[in-house]
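Colleague: Sequential numbering from 65 applies to the sequence shown in the numbering used here.
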Amino acid sequence: MLNVRTYTLGYIQTNCYIVSNTTKQCLIFDPGGEGEKIISELHRLKMKPLAILLTHAHFDHIGAVEQLRESFDIPVYIHTAEKKWLVDPVKNGSSKYAEIPSVICKEADVLLNNEQELKIGEFHMVLLHTPGHSPGSITYYFKQEDFAIVGDTLFQKSIGRTDLPGGNQNELMKAIHTKLLTLPETTLVYPGHGSSTTIEAEMESNPFLNGF
């Protein structure tokens, strides 16, 4: 039995997810900012983080990566297509905004490439490459628990933007339809921003998907 906690953090209110098991081990997804808050919460919950997993490397999803990596001495996972984005504020987008400090991280410890099953400790996930919002966007699908962490690919009644560098509308729509909408309709979807939803709800009411 896994528990999913949601923390909305940083300049653009990005969802950071902490997925934990009954033994208090956990995975951290997309720590976008406010690293001290995440660290304090993990200590309060007496959690043992095993890794940081990124759905993609836009600045609002990686702002607290280094604080957490250094604090807990844990590896960072990212798709190989965005391996340079962590170290480059132009690629991760943070250089565009004068009011936001440039985000510069070290390179990831683990590069993900093929769609495969990923096991970290007792956590089992299926990796789905879902490009379009960015070239290395990944969905982490927890098949047994029937939920998916999708980043900025799919939202409640919306989809990810594709006007940023590396974005591609056709790729995004193809990924949503061939990778996400083929999941069980009961699958709970945890997006990078906003409220959670289900595959069924988006198939029925998402105006960006109807008629595609």
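We put the CB at the ideal spot given by N, CA and C, even for glycine.
GLU249 to GLY224, Cα distance in whole Å?
Modeller: Whole-angstrom Cα-Cα distance: 20 Å.
Colleague: When DSSP builds the beta bridges, which residues end up paired with HIS193?
Modeller: DSSP lists ILE202 as partners of HIS193.
Colleague: Quick check on DSSP: helix, strand or coil for ASN67?
Modeller: Strand, per DSSP.
Colleague: Assuming GLY74 contacts GLU105 under a Cβ cut-off of 8 Å, what Cβ separation, rounded to an integer in Å, is found between them?
Modeller: GLY74 to GLU105, Cβ: 15 Å. No contact.
Colleague: I need the DSSP call for GLU163, collapsed to helix, strand or coil.
Modeller: Residue state, collapsed to three classes: coil.
Colleague: Is it a yes or a no for the region 115-133 touching the region 164-175, going by three-plus beta-carbon pairs under 8 Å?
Modeller: Result yes; three or more Cβ-Cβ pairs closer than 8 Å.
Colleague: Give the secondary structure of HIS122 by DSSP, where H, G and I count as helix, E and B as strand, and everything else as coil.
Modeller: The answer is coil: DSSP assigns HIS122 none of H, G, I, E or B.
Colleague: Rank ALA121, THR119, ILE103 and HIS257 by C-alpha distance to the C-alpha of PRO113 and give the top, closest one.
Modeller: Nearest option by C-alpha distance: ILE103.
Colleague: Give me the residue from ALA239, PRO199 and VAL214 with the minimum Cα distance to ASP227.
Modeller: Ranking ALA239, PRO199 and VAL214 by Cα distance to ASP227 puts PRO199 first.
Colleague: Going by CA-CA distance only, name the one from GLN233, LEU218 and ASN274 that's closest to THR262.
Modeller: Ranking GLN233, LEU218 and ASN274 by Cα distance to THR262 puts LEU218 first.
Colleague: Determine which residues share a DSSP beta bridge with GLU181 and list them.
Modeller: Bridge partners of GLU181: VAL190.
Colleague: Contact between the region 187-198 and the region 151-167: three or more CB pairs below 8 Å?
Modeller: Verdict: no, contact absent.
Colleague: Would you mind working out which of GLU186, VAL174, ASP173 and VAL190 sits nearest GLN180, comparing C-alpha positions?
Modeller: Nearest of GLU186, VAL174, ASP173 and VAL190 to GLN180, Cα basis: VAL190.
Colleague: Three-state secondary structure (DSSP) at GLY231?
Modeller: In this structure, GLY231 counts as coil in the three-state DSSP scheme.
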